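*Asks:* For the sequence shown, the residue numbers in full-length UniProt numbering are 1 to 324. Just so it is clear, CB atoms sit at the ideal spot from N, CA and C, and this is done for glycine as well. Fair warning: this is a prediction, and the values are worked out from it, not measured in the lab. Right, I'll just put the structure down here and ask away after.
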Amino acid sequence: MDLSVIIPAKNESLFLKISVPALWVSINKSNIIAEIILVDNGSEDDTESVARSLGCKILSSPQGSIAKLRNLGASQAQGTYLAFVDADCAVHEDWVSTCIENLNHLKVGATGTRVVPASEKATWVSWAWFNLAAGSKRKENVSWLGSSNLMLKKCLFDELGGFNEGLKTAEDFDLTTRLKKTHRIKLEKNIDTIHYREPETIKELFIKESWRGSSSLACYISNGCQFGELGSVAIPMFVNICIGMLVIFLLTNLSLTPIAIFPIIILPFILMIKKGVPFNSFMIVVQTYIVAFIFILARSVSLAREIYYILFRRSDVNIWKICR
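So, in structure tokens, the structure goes:
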């Protein structure tokens with residue numbers, strides 16, 4: 001078996017009718033032997049029957065984190081290469097062959113493509129988020145990759161011990177950060193993967209990013225508090241401090257409020273510059289700034305919530321269990 005593709009899913013029958021056929025097209029074009037393994041997380045719709053009709057092998061895990069689902073699929077995989085694809089993502093027809101070619105290069109340990117919003121559903125929020133998160137200026141050699149479409153050799157995945165099941169989110173960041181210590185991570189920019197559930201509104205973006213950041217501190221600690229990843233924790237913490245100062249100044253001395261407001265206003269611009277967002281269009285700058293501001297705010301809220309859970313609800317979040 002050349003390739004095993006793992007798809008974690010819960011109530012995804014609609015999107016599976018798009019994502020799985022796209023995978024088979026890419027697999028068949030690459031002329032390899034492959035399997036698609038769907039790990040069902042207790043679906044209440046016809047996810048299992050749809051997946052089975054599309055040629056997927058079915059595993060079931062009604063309980064557990066997304067990391068646990070992916071690890072379960074990987075444990076049953078027979079392929080030399082291991083791929084993880086989200087149920088709401090449609091890969092390019094050349095995705096399989098391109099990713100395998102990338103992994104055959106010296107020191108490339110993992111690869112995947114940018115994720116673009118489906119054009120028929122995309123709003124200005126969707127495209128502004130793309131410009132910020134995965135725009136054309138992003139480098140080929142990256143520090144981490146998401147697991148919406150991710151491929152690596154199974155032997156390397158096993159060597160790393162798989163995904164950290166103690167993390168609620170950021171398990172892909174954790175895995176690829178550990179992999180980065182010994183291998184390159186290549187972002188393929190010649191082809192893209194379509195994501196059918198990119199945030200379409202500011203509200204959706206805030207909810208998704210506050211959820212995605214809910215294990216930021218745990219992930220940072222589990223990876224040994226690396227200096228290069230300090231920003232994922234330090235920036236949200238700094239914003240929370242500024243918000244606290246703003247509240248105090250509003251209650252005590254209004255003239256001091258600019259001290260707290262200015263850093264919050266300037267941080268989105270710094271993030272945009274760091275991400276290489278083009279400044280050649282006023283509208284793009286404004287839209288991307290709004291999205292960057294919401295992203296930073298959402299991650300600040302999620303960090304505050306995570307710290308609260310660690311300090312006051314230890315039964316829900318065991319930080320020492322999370323650390324590998």
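Report yes or no: do three or more beta-carbon pairs, one from the stretch 116-128 and one from the stretch 77-87, lie closer than 8 Å?
*Replies:* As far as the Cβ criterion goes, the stretch 116-128 does not touch the stretch 77-87, which means the pair count is below three.
*Asks:* For Arg305 and Ile33, I'd like the C-alpha separation in whole angstroms.
*Replies:* Here residue 305 refers to the residue found at position 305 when the sequence shown is read from its first residue. Here residue 33 refers to the residue found at position 33 when the sequence shown is read from its first residue. Approximately 45 Å, taken between the alpha carbons.
*Asks:* Which residues in the same chain as Ala134 place their Cβ atom closer than 7 Å to its Cβ, once the five residues preceding and following it in sequence are excluded?
*Replies:* Numbered from its first residue, the sequence shown carries residue 134 at position 134. Result list for Ala134: Arg114 and Val115, in chain order.
*Asks:* In angstroms, rounded to a whole number, what distance separates the CA positions of Ser43 and Ile7?
*Replies:* Residue 43 sits at position 43 when you count from the first residue of the sequence shown. Residue 7 sits at position 7 when you count from the first residue of the sequence shown. Cα to Cα, Ser43 sits roughly 13 Å from Ile7.
*Asks:* With DSSP run on the structure shown, which of helix, strand or coil describes Val142?
*Replies:* The count along the sequence shown starts at 1 and reaches residue 142 at position 142. In the structure shown, Val142 sits in coil (DSSP, three-state: anything other than H, G, I, E or B).
*Asks:* Note the first and the last residue of the continuous beta strand (DSSP E) segment covering Pro117.
*Replies:* Along the sequence shown, one-based indexing puts residue 117 at 117. Looking at the DSSP string, the run of the beta strand (DSSP E) that includes Pro117 is Val108 to Pro117.
*Asks:* Among the candidates Asp172, Thr182 and Leu167, whose CA atom is the shortest distance from the CA of Leu106?
*Replies:* Looking up residue 106 in the sequence shown gives position 106. Of the listed residues, the one whose Cα sits closest to Leu106 is Thr182.
*Asks:* Taking buried to mean at least 16 other C-beta atoms within 10 Å of its own C-beta, is Gln76 buried or exposed?
*Replies:* The residue you call residue 76 lines up with position 76 of the sequence shown. Per the 10 Å Cβ criterion, exposed.
*Asks:* Examine the Cβ distances between the stretch 169-176 and the stretch 141-157 and report whether three or more of them are shorter than 8 Å.
*Replies:* Verdict: yes, contact present.
*Asks:* Since I believe Glu200 is in contact with Ser148 (beta carbons under 8 Å), could you give me their beta-carbon distance rounded to a whole number of angstroms?
*Replies:* Counted from its first residue, the sequence shown places residue 148 at position 148. Counted from its first residue, the sequence shown places residue 200 at position 200. Contact flag wrong, Cβ pair sits at about 17 Å.
*Asks:* Taking just the CA atoms, how far does Glu101 sit from Arg109?
*Replies:* Along the sequence shown, one-based indexing puts residue 109 at 109. Along the sequence shown, one-based indexing puts residue 101 at 101. First, the residue type needs correcting, since residue 109 is Gly and not Arg in the sequence shown. Approximately 12 Å, taken between the alpha carbons.
*Asks:* Let me check understanding here. Comparing Cα to Cα, which of Ser214, Thr111, Gly79 and Ala22 lies closest to residue 381?
*Replies:* As shown, the chain starts at 1 and ends at 324. That puts residue 381 outside it, with no answer to give.
*Asks:* Kindly list the residues whose CB is nearer than 8 Å to the CB of Arg70, restricted to its own chain and excluding five residues on each side of it in sequence; keep chain order.
*Replies:* Reading the sequence shown from its first residue, position 70 is the one you call residue 70. Cβ neighbours of Arg70 beyond the five flanking positions: Ile6, Pro8, Val39, Phe84, Ser147, Gly162, Phe163 and Glu171.
*Asks:* Would you tell me roughly how many angstroms separate the C-alpha atoms of Tyr220 and Glu159, rounded to the nearest one?
*Replies:* Walking along the sequence shown from the start, residue 220 turns up at place 220. Walking along the sequence shown from the start, residue 159 turns up at place 159. Whole-angstrom Cα-Cα distance: 21 Å.
*Asks:* Where Ile290 and Glu204 are concerned, what is the direct C-alpha to C-alpha distance, given to the nearest angstrom?
*Replies:* Taking the sequence shown and counting its residues from 1, the one referred to as residue 290 is at position 290. Taking the sequence shown and counting its residues from 1, the one referred to as residue 204 is at position 204. Each residue's Cα considered, the two are about 13 Å apart.
*Asks:* Under three-state DSSP, which class holds Ala90?
*Replies:* For this step, residue 90 is matched to residue 90 along the sequence shown. Strand.
*Asks:* Counting along the chain, where does the alpha helix (DSSP H) carrying Tyr289 start and finish?
*Replies:* Position 289 of the sequence shown holds residue 289. Where Tyr289 is concerned, the enclosing alpha helix (DSSP H) stretches over Phe282 to Phe312.
*Asks:* Beta carbon of Lys57, beta carbon of Ile27: below 7 Å?
*Replies:* If you number the sequence shown from 1, residue 57 lands on position 57. If you number the sequence shown from 1, residue 27 lands on position 27. No. Outside cutoff.
*Asks:* State the beta-bridge partners of Glu188 as determined by DSSP.
*Replies:* Stepping through the sequence shown from its first residue, residue 188 is reached at position 188. Beta-bridge pairing links Glu188 to Thr113.
*Asks:* What ranges does the alpha helix (DSSP H) occupy inside the stretch 219-277, keeping only unbroken runs of at least 4 residues that lie completely in it?
*Replies:* Whole alpha helix (DSSP H) segments, 4+ residues: 231-252 and 257-275.
*Asks:* How many Å lie between Leu103 and Trp211 at the Cα?
*Replies:* Looking up residue 103 in the sequence shown gives position 103. Looking up residue 211 in the sequence shown gives position 211. Answer to the nearest angstrom: the Cα atoms are 31 Å apart.
*Asks:* Looking at the secondary structure, which residues open and close the alpha helix (DSSP H) in which Ile27 lies?
*Replies:* As a first step, residue 27 must be located in the sequence shown, where it is residue number 27. Segment Ser13 to Ser30, the alpha helix (DSSP H) holding Ile27.
*Asks:* Can you say whether Ser4 is buried or exposed, counting buried as having 16 or more other CB atoms within 10 angstroms of its CB?
*Replies:* Your numbering for residue 4 matches position 4 in the sequence shown. The residue is buried, with at least 16 neighbouring Cβ atoms inside 10 Å.
*Asks:* DSSP three-state call for Ala67: helix, strand or coil?
*Replies:* If you number the sequence shown from 1, residue 67 lands on position 67. DSSP places Ala67 in helix when its eight states are reduced to three.
*Asks:* Starting from Asp174, trace the alpha helix (DSSP H) in both directions and tell me its first and last residue.
*Replies:* The count along the sequence shown starts at 1 and reaches residue 174 at position 174. Run containing Asp174: Glu171 to Leu179, per the alpha helix (DSSP H) assignment.
*Asks:* Can you determine whether any heavy atom of the ligand ZN sits closer than 6 Å to the C-beta of Glu35, and answer yes or no?
*Replies:* The model on display carries no ligand, and the ligand ZN is accordingly not part of it.
*Asks:* Of the residues Leu254, Pro258, Ser232 and Ala260, which one's Cα is nearest the Cα of Leu303?
*Replies:* Position 303 of the sequence shown holds residue 303. Residue Ser232 is the option with its Cα nearest to Leu303.
*Asks:* Going along the chain, which residues of its own chain have a beta-carbon closer than 6 Å to the beta-carbon of His92, five neighbours each way excluded?
*Replies:* On the sequence shown, residue 92 is found 92 positions in, with the first residue counted as 1. These residues qualify, in order along the chain: Ile191.
*Asks:* Determine the direct distance from the alpha carbon of Val286 to that of Ser255, and round the result to whole angstroms.
*Replies:* For the purposes of this step, residue 255 is taken as residue 255 along the sequence shown, with counting starting at 1. For the purposes of this step, residue 286 is taken as residue 286 along the sequence shown, with counting starting at 1. If you take the alpha carbons of Ser255 and Val286, they lie about 28 Å apart.
*Asks:* For Ile248 and Cys242, what's the separation of their Cα atoms in angstroms?
*Replies:* What you label residue 248 is simply residue 248 of the sequence shown in a count that begins at 1. What you label residue 242 is simply residue 242 of the sequence shown in a count that begins at 1. Each residue's Cα considered, the two are about 10 Å apart.
*Asks:* Under 7 Å, do Ser281 and Pro236 count as touching if we go by C-beta distance?
*Replies:* Position 281 of the sequence shown, counting from 1, holds the residue named residue 281. Position 236 of the sequence shown, counting from 1, holds the residue named residue 236. Not in contact: Ser281 and Pro236 (Cβ atoms no closer than 7 Å).
*Asks:* Among all the DSSP beta bridges, which residues are the ones paired with Glu35?
*Replies:* Translated into the one-based positions of the sequence shown, residue 35 becomes position 35. DSSP lists Ser4 as partners of Glu35.
*Asks:* Starting from the C-beta of Phe206, find all residues in its chain whose C-beta is less than 6 Å away, skip the five residues before and the five after it, and write them out in chain order.
*Replies:* Along the sequence shown, one-based indexing puts residue 206 at 206. Closer than 6 Å at Cβ, skipping near neighbours: Ile294 and Ala298.
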